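K.L.:
In my numbering, the protein residues as written are 8 to 418.
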Amino acid sequence: ECCLDPRRLPFITAYVAGEDATLNAPNEDPNRMPNRGPSESIKLLFWLEIQAFVDLWGVTPLRRRRAHAQRIFDKFLGAEDGADDNQLVDNSFDSGVDEATLTPQMFNLRSKLFHTGILVKLEKVLNDESLPISHNIFQECQRYVEDDLCGARFASFLDSDEGARMRAYLMSATPYHHIPFDALLESVVKGDEYVTNYFYYIVIHLICENGLSGGLCTALFLKKRVLPLLFQREDVALSELVDSLTYLWDLYLAPDYGALEKLTHSSHCEVSIARARSTLLEAFNPSQPVSGDEELFKRLTDDKVVQISSNLANLAEELIFDYAVNCFPKFKQDRSFHLLCLELNNVLNESGNRLDVSKHLPMLPHLCISRLLRKSGLPTSISTHRPLYEVAKKDIDGSIGDAKPNEHGSK
């Protein structure tokens, strides 16, 4: 939990870096053996890389999971015995890096920390394209590093000055709850209303951060509205499908005024956006009116619908992955996330159940969004609406704005 909590991690990192500096400091004592093992900072960085892989696995496009795992392996475990630890390896990653870059390998952990059986098993999975890349591919490596960093080393951190500073900084702070983004997103796409308020926290953070939430909202509109219509096009009216595609174009994809045009994307997102625009314009021009279903049917042939579905599904994956890599970590460091943890903590304390939030998300109080809006620093371009007394009274009763359960327990 200390490494997952962004408030605690800087203190642990500072302590580990200080320990490494002490071990590697020049010493005139001839009897002192030099430190030839991997540094604690490298072990901690390796653990964090594996944890990031696990957290992103659920939203990483299938075609890029192997590349992500291979990058981690090459960075820490790829050097053969006797190879130079400072050799260059491909350190490119798809989270916004436009071109491949070569950086020195961090350290050769191949023969310094893990036995051969673990490494052989890893290499077999990574080299065999027929084997899937599971989320726990590095589980044994992560467990080895955890065992090495815990115990006496962690106890010494708690007893150190950095540990004291961390406890003082977090005095009376809200307990941290690890909320996996992939599980939250899956529930939102399914339409589970008990997670609606969780998503409101994310959207409000995006609006407060840069005034925009277009990328994530585009992906959700695709997954919840457009793609289901495309996959079930035989059971829906063609005009309904075209209306959704036209709405998608006007609000999100239009090159001059769409929401995606105002955002900065990774190179993979840019390619997916360009393909989606090109496919829609090829199939039919959303800005041109049509006379009836017969003309729509001529424009949207089966081949074109399959191509549109594929390109829009890829776009949704890239936008979600882009958010998970670049924005969700910032959300977990923001005050809005700490307010979310406070609401979660109050729910758990009132219910008396110590649920594992990472596996089951409890329903938030129906007035939590009202409390969040009162404490959020919305951009000056967003007007603060002052409703009439009757409307404000209804809002206090929970009938407006926040997701609230009905008498049967649903919403």
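C-beta: ideal position from N, C-alpha, C; glycine also.
Only a predicted model underlies this, so the values are computations on that prediction, with no experimental measurement involved.
Helix or strand or just coil, what does DSSP make of Asn356?
P.N.:
Helix at Asn356.
K.L.:
Measure the C-alpha to C-alpha separation of Met370 and Gln340 and round it to an integer number of angstroms.
P.N.:
Each residue's alpha carbon lies about 22 Å from the other.
K.L.:
If contacts are defined as beta-carbon pairs under 8 Å, then Glu229 and Leu287 qualify, I think. What distance do you get, rounded to the angstrom?
P.N.:
Here the sequence assigns Leu to residue 229, which means Glu is not the residue at that position. With a Cβ gap of about 12 Å, Leu229 and Leu287 do not count as contacting.
K.L.:
Three or more C-beta pairs closer than 8 Å, one from the segment 47 to 55 and one from the segment 145 to 155: is that the case here?
P.N.:
As far as the Cβ criterion goes, the segment 47 to 55 touches the segment 145 to 155, which means the pair count is three or higher.
K.L.:
Looking at the structure shown, is Lys311 part of a helix, part of a strand, or coil, going by DSSP?
P.N.:
It is helical.
K.L.:
Would the beta-carbon of Asp189 fall within 9 Å of that of Ala281?
P.N.:
It is not a contact, given that the beta carbons lie outside the stated cut-off.
K.L.:
Rounded to a whole number of angstroms, what is the C-alpha to C-alpha distance between Thr67 and Leu368?
P.N.:
Answer to the nearest angstrom: the Cα atoms are 22 Å apart.
K.L.:
Quick one: residues in its chain with C-beta nearer than 7 Å to the C-beta of Thr181, no 5 flanking neighbours on either side, listed in chain order?
P.N.:
Same-chain partners within the cutoff: His345, Cys348, Leu349 and Asn352.
K.L.:
Could you check which residue in Gly124, Ala76, Ser167 and Ala175 has the C-alpha nearest to that of Leu133?
P.N.:
Measuring from the Cα of Leu133, the nearest candidate turns out to be Ala76.
K.L.:
Whole alpha helix (DSSP H) runs in the segment 185 to 273 with 4 or more residues, listed along the chain?
P.N.:
188 to 197, 203 to 217, 221 to 228, 234 to 238 and 245 to 255, all fully within the segment 185 to 273.
K.L.:
Would you mind sorting Lys6 into buried or exposed? The rule is 16 or more other CB atoms within 10 Å of its CB.
P.N.:
Since the first residue of the chain shown is 8 and the last is 418, residue 6 is not available in this structure.
K.L.:
With respect to the alpha helix (DSSP H) encompassing Tyr176, which residues constitute its N-terminal and C-terminal limits?
P.N.:
Where Tyr176 is concerned, the enclosing alpha helix (DSSP H) stretches over Asp168 to Tyr176.
K.L.:
Thinking just about the alpha-carbon of each residue, which of Glu357, Cys375, Tyr264 and Asp12 is nearest to the one in His184?
P.N.:
The candidate whose alpha carbon is nearest that of His184 is Asp12.
K.L.:
Taking the alpha-carbon positions, what's the Thr123 to Gln58 distance?
P.N.:
If I take the Cα positions, the gap works out to 22 Å.
K.L.:
Report yes if the C-beta distance between Phe328 and Leu63 is below 9 Å; otherwise report no.
P.N.:
In this structure, Leu63 lies closer than 9 Å to Phe328 by Cβ.
K.L.:
State the Cα-Cα distance for the pair Asp155 and Ser46, rounded to the nearest angstrom.
P.N.:
One C-alpha to the other measures close to 11 Å.
K.L.:
Output needed for Glu153: all residues of its chain with C-beta closer than 8 Å, excluding positions within five of it in sequence on either side, in chain order.
P.N.:
Excluding residues within five positions, the ones whose Cβ falls inside 8 Å are Trp54.
K.L.:
Whether or not the segment 233 to 248 and the segment 202 to 219 are in contact is what I'm after, with contact meaning three or more pairs of Cβ atoms, one per stretch, closer than 8 Å; do they touch?
P.N.:
The answer is no - the segment 233 to 248 does not touch the segment 202 to 219, with fewer than three Cβ pairs under 8 Å.
K.L.:
Go ahead and label Leu69 buried or exposed: buried means 16 or more other beta carbons lie within 10 angstroms of its beta carbon, across all protein chains shown.
P.N.:
Classification of Leu69: exposed, given that the 10 Å Cβ count is below 16.
K.L.:
When the Cα atoms are used, what is the spatial distance from Ser316 to Arg15?
P.N.:
C-alpha separation (whole angstroms): 43 Å.
K.L.:
So Thr125 is in the alpha helix (DSSP H); what residue range does that whole segment cover?
P.N.:
According to the sequence displayed, residue 125 carries Ile and not Thr. That run of the alpha helix (DSSP H) goes Thr123 to Asn134.
K.L.:
Helix, strand or coil for Glu325 per DSSP?
P.N.:
Looking at Glu325 - three-state DSSP - the assignment turns out to be helix.
K.L.:
What are the start and end residues of the alpha helix (DSSP H) that includes Ile376?
P.N.:
It spans Cys375 to Lys382 - the alpha helix (DSSP H) in which Ile376 sits, taken as one unbroken run.
K.L.:
Looking at the unbroken alpha helix (DSSP H) that takes in His142, where does it start and where does it end?
P.N.:
Where His142 is concerned, there is no enclosing alpha helix (DSSP H), given that its DSSP letter is neither H nor E.
K.L.:
Is Glu8 helix, strand or coil when you go by DSSP?
P.N.:
Glu8: coil per DSSP, three-state reduction.
K.L.:
Below 8 Å on the Cβ atoms is my guess for Gln252 versus Val278; work out the distance and round it to an integer in Å.
P.N.:
In the sequence on display, residue 252 carries Leu and not Gln. Leu252 to Val278, Cβ: 20 Å. No contact.
K.L.:
Assuming Val354 and Pro372 form a contact by the criterion Cβ under 8 Å, report the distance between their Cβ atoms to the nearest whole angstrom.
P.N.:
Indeed they touch by this definition, with Cβ atoms about 7 Å apart.
K.L.:
Out of Asn333, Glu357, Leu385 and Glu324, state which residue places its alpha-carbon closest to the alpha-carbon of Arg342.
P.N.:
Comparing Cα positions, the closest option is Leu385.
K.L.:
Note the first and the last residue of the continuous alpha helix (DSSP H) segment covering Leu63.
P.N.:
Looking at the DSSP string, the run of the alpha helix (DSSP H) that includes Leu63 is Glu47 to Trp64.
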